[in-house]
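Residue numbers (our numbering), protein chains in the order written: chain A, 1 to 675; chain B, 1001 to 1675. By construction, the Cβ of each residue, glycine as well, lies at the ideal position given by its N, Cα and C atoms. Nothing here was measured: the structure is a model prediction, and the numbers come from that model. See below for the structure under consideration.
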């Protein structure tokens, strides 16, 4: 019991440390602080003399200094760093009089640097406030109340949620949302009980309902069996687990200094953006042979997240979400629960974003950072070939995890950045939460004569087929900016000259991508290793130093390429893209993703077919999952995991953890061995 | 400090428990005990009046009772189980007068039941003793001593290791081995310093050298930089890690009763075989809704392990190993190191096999069993759509791991069977140890003008290209034996009738495999979910109950299909096979894998194209890795991980861990919080 408190104290200690330091900035890439958000608000509201709903902040984020400036600062004299911080700027997308404004604010000079009215297609990210506002409108709307009454449902148990509308070839678009309502019946699991057949359309700029459809009455699934909250469950419970305590009496092995984190041989900056969520920058690894930190990743984040559902009917066809660009993957981050979302040895950090009124909103415990002791083996060998001795040498593995969870409506996305001492960075994605559920009259599959577009999970309940595509922006800078993308193709060689008893073997044929077209890749079609290398840096034996993409959850889109959702999600057409670094190419689905028309996507940028050889390049990789729901996913989904890894490949001269010592035995606080 | 001892005590307690129980058998699938091995030895040696080298035991294992008998016993009245054990039999492959004998011994009756002289191609598994014997022969062989002297090397620093010879179209085969020798120069890492160009051929039946080739002098790589033993390393060390203690004061949550293990909602039998290594049988999961254990996996083990190297030259072409069938994946299991190979909360079990003289050999700590607390999330959801409350419900994940490590010469294979409360079984494979290294004159890639068949890792050192294929035998019995194999194909549907604003979506088309040909699958060619279902059992809404194969490390062979090694390894031609259960079809590469000719492989059995619908079927899945070595793999390789998962899919009516409670807080022994 005491030890628990002790562990708690460690956690709290870190929490308070981080909480106090992440409200002021120390690094050019630190996210905007609460006081900076307030300053932006003051400056912009003063200029336009307006506040919500006339003027709304759809996005406020750091307008990063140019990469050259950041790099120059990062590697400058540590003594002068505090005083040579580059000027701070904020980038704002505001909605003002039905127009999207792009405003750059200089925070040092307390002035607006530039203003631009965006005139292209698509709309900015949705704010929570406007979604909350329109989700209340049906409750004052007579036809909706009548629809609820007609179904014999209790309106006090109805909740409405918002869905972006997508784009389906309309010539003119208004900034609208569709509302999907649910009958909770006292259960927490509203998403399991949709009021199918009713679609409410709201105009966000007008903040009013603009269309209403009550197509047909479909039975609402019963609440029984939907609940997932422990206190509302009835026995039998199970399975049961024995508790365990994980103790680091001297605290964790990592250091958090503001947003800069160092651990073992890694150091990196952990940023945050209302749209991207966690942003990893300037990740470098200490090379014990070179006795210096070496650059690996200038920037890594999830650029876009495409979730198309596969039901073409009137109440579902539009559900083809861009979870980052429409809903804000950072805005959707939720507070993590100590001892459950993260293990007992985790430290926590908060995050702040600005609401539509510009007022900072705090997400407490938005990040956790912990050392992962999963029981894995870093490396080992048992040697018994040498006479009279059996040698066994084993190193247990440890890694550092930065975790966030973004809950976008029904789904919870667990995003892990895992740094391994061996030099790998593993990006993990866990999908949990509630399925996208459609109500139906069916209670048995034998009744289904046409396509039901999903799996019948229980009475009146269809888990609709869908995909998840997460597109990562990975600005690798392998020992510097000038990098190339190299495909190491494995090719069969036929031995026909009888020089060997063998008839064949495989060998590698390396191919350096010259332009973007060479680097648009569908994985799985041929055996190939993909790496970003520094063509100007070689190891002692002469291999190009690089990092390899090690994919393990890939899926190729099955929508027709000319279908509207796929045009908007065309950045998923390939599993891999490589582009030359361009500060403006941040969002794979475009800056204005809501109702976008696919004109500003990674796939379109790539068509410029720019040179990417020996250039500052960005690797884009899409993790993809086709999801055919099964009954186990209901009423709440066991985590489905995926991801990929970036692994050093001839980056080091030899195994970088060869000389890692196993952790020393832990000397716990004085304990008696009797409980 | 005290707590360490305390944790140790727990471990030791378990260790001694298991050590005392796994020497007698309680279950029809328990591996042969030391006394049973002795009995087999006595009976067979008495019959043939011979001992090594005239009569050698190449394999002794349990001759399992028929599946029907085991199942009938397993589900019989627990009270009478101890007295109704089916008769115990051993299956023996012996080498006697240059013939392979198959002998079945009845241990209850202490008699030989049947004897058969095998007359087909291929030879039985190699024994450690015969390999050790022939590995010493070069040191008494003058031409070899001269070769060593000619190179100016010290013979006292030379070690020879064994390699199987494969089959390359020879009409007549003798039971031979090739020896590869190394100049250790005081380093532990012999495999990094090969005496390239020398091949020694030994006859195993004659126990003498039969051929010798000293083709050319190649520089032996220097010992510098090869060492991996901590005590022999020089500073700088690093990276460094902070220790952590993991404590379960009331012991672990699993129970080991002989070879039967139960934990949370799982129970299974952990067997052992000198050839297969760990064998998981009778895995069942408790269904909280049905209030009973339900059958999932009758039997799972690694059936064969194919490792072809990609160098066709005279001293390397034959290196196309079948690590199970030739070297014994169980025989190659090594003792696990507490706190390093397995975490501090692990329990350990021993294993026993019979040496070529029939005498039992103990592998202490051959298995470890531990609860894995990796910091993962079992499921979660944050609900903020319901007015005035934010609900957060999170369950941390725990799983049970059974781990073994097989060290086959240079490579160490970590084999994990991970049981998840959500119903998944995850098979993990970790590759570590030492690369297959070839000596070369090269010191820089610029010198390489022809194919070097690998990566230049450091001076004079090539890491040779190779593959790893692990073929799992997975006898799934989903709620009973009669099962079917179902492909759920994801297919694009074009919407052409303007019934939807969408132009397309995907849906599922299910296809039940009728015969073996329908179930030979190369993964990645089309999006499909593969499942073994019980066509006679459906859920309430009418879905067939099943388990899905969730592959994540697949590779397709690149050798020509008619090349000799690929004929022998043809069981890797597809990533998936399904066969009707047949007791004799155990070894995917054939019972006599050494110098096999590919006549008795899974690929050949499958050509019979038997019916597999609503039958007792076996799923075979091959985990594959193409390995292009990189410098980080040298001198010892950071673990490269792969594997796959079997996941319940409509097996349960709903999420089986919905009502799992988070582990209770741990009450540690009385502690003061001051160190």
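Out of the options, which one is the CA nearest neighbour of residue i?
{"i": "residue 618/A", "options": "168/A, 372/A, 586/A", "result": "586/A"}
{"i": "residue 1434/B", "options": "1503/B, 1461/B, 1054/B", "result": "1461/B"}
{"i": "residue 949/B", "options": "1205/B, 1464/B, 1259/B, 1518/B", "result": "Since the first and last residues shown for chain B are 1001 and 1675, residue 949/B lies out of range."}
{"i": "residue 1661/B", "options": "71/A, 44/A, 229/A, 658/A", "result": "229/A"}
{"i": "residue 38/A", "options": "90/A, 190/A, 642/A, 406/A", "result": "90/A"}
{"i": "residue 503/A", "options": "1233/B, 1565/B, 1646/B", "result": "1565/B"}
{"i": "residue 358/A", "options": "51/A, 31/A, 47/A", "result": "51/A"}
{"i": "residue 1303/B", "options": "1652/B, 1056/B, 1591/B, 1641/B", "result": "1591/B"}
{"i": "residue 500/A", "options": "1332/B, 1317/B, 1560/B", "result": "1317/B"}
{"i": "residue 234/A", "options": "1321/B, 1189/B, 1659/B, 1336/B", "result": "1659/B"}
{"i": "residue 1344/B", "options": "1650/B, 1311/B, 1249/B", "result": "1249/B"}
{"i": "residue 1514/B", "options": "1560/B, 1484/B, 1374/B", "result": "1484/B"}
{"i": "residue 135/A", "options": "168/A, 216/A, 178/A", "result": "178/A"}
{"i": "residue 366/A", "options": "543/A, 377/A, 373/A, 350/A", "result": "350/A"}
Going by DSSP in three states, residue i sits in which element: helix, strand or coil?
{"i": "residue 220/A", "result": "coil"}
{"i": "residue 692/A", "result": "Since the first and last residues shown for chain A are 1 and 675, residue 692/A lies out of range."}
{"i": "residue 299/A", "result": "strand"}
{"i": "residue 60/A", "result": "strand"}
{"i": "residue 952/B", "result": "The requested residue 952/B does not occur in the structure, where chain B is confined to residues 1001 to 1675."}
{"i": "residue 1228/B", "result": "coil"}
{"i": "residue 168/A", "result": "coil"}
{"i": "residue 69/A", "result": "helix"}
{"i": "residue 198/A", "result": "strand"}
Counting only C-beta atoms, is residue i closer than 7 Å to chain A at any point?
{"i": "residue 1307/B", "result": "no"}
{"i": "residue 1137/B", "result": "no"}
{"i": "residue 1324/B", "result": "no"}
{"i": "residue 1620/B", "result": "no"}
{"i": "residue 1545/B", "result": "no"}
{"i": "residue 1610/B", "result": "no"}
{"i": "residue 1072/B", "result": "no"}
{"i": "residue 1042/B", "result": "no"}
{"i": "residue 1392/B", "result": "yes"}
Tell me residue i's beta-bridge partners as DSSP assigns them.
{"i": "residue 183/A", "result": "158/A"}
{"i": "residue 1263/B", "result": "1254/B, 1266/B"}
{"i": "residue 630/A", "result": "In DSSP, residue 630/A forms no bridge with anything."}
{"i": "residue 1049/B", "result": "In the DSSP output, where bridge partners are listed per residue, residue 1049/B has none listed."}
{"i": "residue 99/A", "result": "96/A"}
{"i": "residue 502/A", "result": "According to DSSP, residue 502/A bridges with nothing at all."}
{"i": "residue 1615/B", "result": "1483/B"}
{"i": "residue 1428/B", "result": "1416/B, 1643/B"}
Consider the Cβ of residue i: report whether some Cβ of chain B lies at a distance smaller than 7 Å.
{"i": "residue 666/A", "result": "yes"}
{"i": "residue 340/A", "result": "yes"}
{"i": "residue 536/A", "result": "no"}
{"i": "residue 267/A", "result": "no"}
Heavy atom of the ligand GTP less than 6 Å from the Cβ of residue i, yes or no?
{"i": "residue 1530/B", "result": "The ligand content of the structure shown is nil, which means the ligand GTP is not present either."}
Contact residues within the stretch 1188-1218 of chain B, judged by C-beta distance below 9 Å to chain A: Against chain A - using a Cβ distance shorter than 9 Å - the residues of the stretch 1188-1218 of chain B are 1188, 1189, 1190, 1191.
Contact set between the stretch 223-235 of chain A and chain B, restricted to residues whose Cβ is under 7 Å from the partner: 225, 228, 229, 230, 233
Interface positions of the stretch 1239-1259 of chain B facing chain A (Cβ-Cβ less than 8 Å), listed along the chain: Residues passing the 8 Å Cβ filter: 1239, 1240, 1241, 1242, 1243, 1244, 1245, 1246, 1247, 1248, 1249, 1250, 1251, 1252, 1253.
Contact set between the stretch 109-143 of chain A and chain B, restricted to residues whose Cβ is under 7 Å from the partner: none
Cβ-based contacts, 9 Å cut-off: residues of the stretch 488-510 of chain A near chain B: 488, 490, 491, 492, 493, 494, 495, 499, 500, 501, 502, 503, 504, 505, 506, 507, 508
Contact list for the stretch 561-593 of chain A against chain B, Cβ threshold 8 Å: 562, 563, 564, 565, 566
Under 8 Å (Cβ pairs) to chain B, residues found in the stretch 350-366 of chain A: none
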